[in-house]
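One structure below.
Numbering (the numbering used here), first residue to last: 15 to 205.
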């Protein structure tokens, strides 16, 4: 029976105790990906897991932006790093549940969570190779967790029609913080 784990103490324990499904390999081999995520676990990282019996079949992670990204300038910005579900468990709404559970963490209401979506990372098999349909699927999944479209001049987003950026504005974000974020996202819009 599949279950979603969002309690961070339980996530930490399950990441040590359980193994990744063999097909959770979109970004690297399952063992390496699990080791990388274990090493990344900290107070600044929030994760949720989908577990079937004793196997991790899906996961998502919210973490600080990478050091070379512009978003690192704002301490209240976090990135939705990865949402991955093993292929034979897709189409059941697990990815949506993972995102909803990870973003339900009260500590994230003081954050803006960004999702930068690049079509070259997508597994288009679920949409028979249709990148537009996959984009709509991703947007629907994110909108279910209060993500909204964000305009940006980020070259890898603005330069490709299928790539997009969305953000989830925490309920505790101030007007000034939102202004700083929007100005960082698309400085050209504030000229």
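Ideal Cβ positions, reconstructed from N, Cα and C, are used throughout, including at glycine.
Quick caveat: nothing in here was measured; it's all calculated off a predicted structure.
Assuming residue 70 contacts residue 33 under a Cβ cut-off of 8 Å, what Cβ separation, rounded to an integer in Å, is found between them?
-> Sure, about 7 Å apart at Cβ, within 8 Å.
Which of helix, strand or coil DSSP assigns to residue 17 = For residue 17, the secondary structure class from DSSP, reduced to helix, strand or coil, is strand.
On the three-pair Cβ rule with 8 Å, is the region 178-194 touching the region 138-156?
-> yes
Mind listing, in chain order, the continuous alpha helix (DSSP H) runs of no fewer than 4 residues lying wholly within the region 161-196?
-> 169-172
Spatial neighbours of residue 145 within its chain, please: CB distance less than 8 Å, with the 5 preceding and 5 following residues excluded, ordered by chain position.
-> 133, 136, 138 and 176
Excluding sequence positions up to five away, which residues of its chain have a Cβ less than 7 Å from the Cβ of residue 186?
-> Answer for residue 186: 123 and 124, listed in chain order.
Close beta carbons around residue 126, own chain, < 8 Å, minus the five adjacent residues each side | 88, 90, 91, 92, 181, 182, 183, 184, 187, 191, 192 and 195
Helix or strand or just coil, what does DSSP make of residue 151?
-> Here residue 151 carries a helix assignment [DSSP, helix/strand/coil].
Determine, using beta carbons only, whether residue 119 and residue 60 come nearer to each other than 8 Å.
-> It is a contact, given that the beta carbons lie within the stated cut-off.
Please look up how many angstroms separate the CB atoms of residue 12 and residue 95, rounded, as I've assumed it's under 8 Å.
-> The structure shown does not extend to residue 12, since the chain is modelled only from 15 through 205, so no value can be given for it.
DSSP beta-bridge partners for residue 131?
-> 178.
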